[in-house]
Structures are given as structure tokens and as C-alpha cells.
Amino acid sequence: MKYPHSESLKKNRDFQLIYKEGKSCANRYLVLYVRKNGLAKNRLGISVSKKVGNSVVRHRITRLIRESYRLQEDMFNSGLDMVVIARVNAKGRSFEEIRSALLHLGKLQGVIKKE
RNA sequence: UAAGUAAGGUAAAUGUUCGCGGCUGACAGUGCCGAAAGGCGUCAGGUGAGGAAAGUCCGGGCUCCAUAGGGCAGGAUGCCGGAUAACGUCCGGUGGAGGCGACUCCAAGGAAAGUGCAGCAGAAAUAUACCGCCAGGCAGCUGGUAAGGGUGGAAGGGUAGUGUAAGAGACUACCGCCCGUCUGGUAACAGGCGGGGCAUAUGUAAACCCCAUCCGGAGCAAGACCGAAACGAAACGCGCGUCCUGGGUGACAGGAUGCUUUAGGCCGGCCCGGCUGUUUCAGGUGGGUCGCUUGACUCUGCCGGUGACGGCAGAGCUAGAUAGAUGAACAUUCAUGACAUAACCCGGCUUAUCGCCUUGCUUACUCC
Numbered sequence: 024m025k026y027p028h029s030e031s032l033k034k035n036r037d038f039q040l041i042y043k044e045g046k047s048c049a050n051r052y053l054v055l056y057v058r059k060n061g062l063a064k065n066r067l068g069i070s071v072s073k074k075v076g077n078s079v080v081r082h083r084i085t086r087l088i089r090e091s092y093r094l095q096e097d098m099f100n101s102g103l104d105m106v107v108i109a110r111v112n113a114k115g116r117s118f119e120e121i122r123s124a125l126l127h128l129g130k131l132q133g134v135i136k137k138e
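Counting from 24, one number per residue, gives the positions in the first sequence under the numbering used here.
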């Protein structure tokens, strides 16, 4: 899975490293972990547990998060590893709600470029 | 027309912009990443989840392992015949149950091989006399009796009669049961005839069990190939020290052991610096490629069959990801879009599901 200027996180140990060393914050729908990776690019991982819903629900949320990041990619700083975790409340949310939730967490983490 | 019954179809549509996975073509390049295996760009075109993709409950293909033959254990199935690669599936029958009917449902072998279990009620549950009836006796009671009452899911085949002290298959008729035989049917079974008074006989086998048939195990994270690393083997190799043997106390040769430097290798654009025996074989971790979609395939037509299905001919190619591709925005219409996302591939079963549509048949009513 590709983004114009980013890559996706694949290995489980990458996720574990970010959970262990990264900073986290959360709102109603999402949790965001951030860790500097020392690379020029960002790497994004998305995690939706089975608690959230069945396969269709989880795929839907994954796609909304991915689309939100893709369209807002320019606003994020570079050189970050990020993991987005969907919470149970994210089930059934619209694209606009997920998008604003992601941007909100980005501002809390200080990884959104200031205009 | 209404109610019902059976079978089947569909699973919102269209457009614009942005985005993703395969595929094909063009362009870029003797370029980049990687030790290698191998992979990578841009543009265009076309293509890209389901009827259940689900549950993972059966069956098969495929792969590896095991396997002379046979048996035990364990598991599954269980009326008959057929279909099929196979099945616990499907089709057609038989028997039973329900429904006016169309039609639906059935785990439908054996309880005259053995063991177990059967609450409460009831006198008694596979043996026996509570009430009653009859006989005897003054009476307590004794004997006969399963017709009647009562209990129970079930009480010693049922109904009617003969018979009797009262009764009883004790006897008779019909029904049932068992045995034999004949006819029809491939068979399950159906029908007829004759015999047996009926002994074996309450139910339960989704209790053990018996009988018949079938089953080797694990699964694509199977497995095959390429291959950093680790573990291992062999060959080769600079200098020095110590010890042993031969030699003359030397030079030299061989062996054991230890250390160090250089060459070489790695990190690096180069220097400094740091690390390190080298090569080959073997090995198979991280990684990569294949397996991976042309198949018991789909569509159309004809033929055979009651049907499941089979045969022939023609046409077609319809996801192949590997942390896992179908999404977002806007507009319009119907409407307020249910259940639910392939993961090696097929055949089934089961379960979930908003609606809409089609066809056959049944019953009732009306009209002709």
C-alpha cells in the first residue's frame, strides 16, 4: 500500500517499537502514536482491532483513515513513524468525522506544520 | 381477486474529479535499490469480491510425511435404488407423521445376544390381587379370577361372542403379531394363501452395546527453488616464542601449543581510525521467487434420462492481494440500500439478510 510521499508500516516489531517508545494521545474516535524514525519519509501504520467490528466495518475504517491521511499528507511534518488505532466509537463514523479527528490528534502531537 | 405452497432471479443506478492492486502496451536506462536471489519509474488502456466471500460442519482435488498384508482402538454413517471425483449432499421411490389441498417433515438397522436406566403415582413395572367379582366359612380369613374400577406414558394383543361359580386365547370370528409360501417389484416393500392361540413381546440404542459400510496423518504458515546469518566440515596460509623428536650442541625437517604483525577482507567516496585468518563445501534463519489461478470452469445449442446428472458441438477467459487492493468528494434519480469482504481450489450443508421481481401449482369466491 503506497502513499505519494510516505510508506506503510508492515512489521509487527515496528509497531511494538512505536508503542514502546512513541508518544501517544487520543480523542473520541482515534489513538495516535508518534515516534521519530530518522528517515526523510513518514511511515504510517493503521490498526483496527476485532473489538471494533467485523471485517467489513474494519476495512471501512481503515480506508477512511488512509484516505484522510492521503489527502492531508502535506500538512504533516516529515521523518515520523505514526500508528493510528481506531477506537470502538469510530464504528459508523463518516469520512469528515474521521478526517477532523486525525487532524485534531496531529495538532495535539505537534506534528502539523504551522501555516 | 384473496389466502397459501414450491422453485428461481436480483442484491441501487449514472456521471465528473482524486486515489489503490494485478494485467497489457508505449516511453525512459546499459539508471537506481540489494551481498545475492530478485525488485523498482512515468503515461495510457482495460480489469478488480459474495449469494452467502461468513460459520469452518462434511466431502474431494493438490502437496508433503507414513505405508508388505492384516487386526485392535477411535470416529462417521444407518429404509431401498440411483447420481457423483466424493459426501453426512442431491435425485427418484418405500414406509410413517401432518395438512381440505398444492405440499411439507422424519437419526427410518437391531430391544425374541447381553448389561444398564425408568422420577411420582400405583397392590404390582415384567412381576403381581388394592377395590371389585365368584366359591367356602359365623367371622377373622382362605382359595379362584386380569371382565370392570382406580394409578400410570405403558398393566400381560384388541373388539364382539361362546363359555364359566366368577373369569381367562380356554374356545370361535374379524383385526393385529409370528412362521411358511406364492405373485408383482432391481430393491425397500405391497398384495394373496396356509399355519400357530400367541411362547419369545413395556419403553429407551441422540444409554452401553450388536450388525453392516466407510475412514492413514497433517495442511498452502502445505510444499518447491534461490539464498545474508548462525552452527558445522575440508583445504590453504606470513612471522615469532616455548616444548618434543631426528640431526652434530649448528643449519634444516617434522609435530604440539601460544602470540603478534603484514598481505587480504569488512565498515568508508578518500585519509585517519576500528574490526577481522582466507577460500570452498555444507547449511537454510531474516529476505526473495514460485505454488496462484485454464478449472470436476462459464455461456449457448442439440441429444439421452421421470430426475439428480451425463454426452456431443461451438464460443469465452472472469480478482490473485501477502499486513493484505474496491475508497473519498460532488451532483441527479429511485429510495432511505439488509447481511456481509476472496486469501490454494472446487462440491455441499448450516446460519445471517432490507426490499423488489418472475414462474408453476392448490384452495376459496366471482364471471363466462
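Cβ atoms here follow ideal geometry from the backbone N, Cα and C, with glycine treated the same way.
- The straight-line gap separating the alpha-carbon atoms of S117 and Y56 is approximately 22 Å.
- Taking the Cβ atoms as the reference, V54 lies roughly 4 Å from I108, within the contact range of under 8 Å.
- Across the set G133, V80 and H127, the C-alpha of V80 shows the shortest separation from the C-alpha of A113.
- Taking C-beta atoms as the reference points, L125 and S91 count as a pair closer than 7 Å.
- Secondary structure at G68: strand, using DSSP grouped into helix, strand and coil.
- Taking the CA atoms as reference points, L87 sits about 24 Å from K59.
- In the DSSP assignment, no residue is bridged to F118.
- Relative to the Cα of M98, the nearest Cα in the group K73, S31, R122 and S47 belongs to R122.
- For the pair E30 and R83, the CB atoms are not nearer than the 7 Å cut-off.
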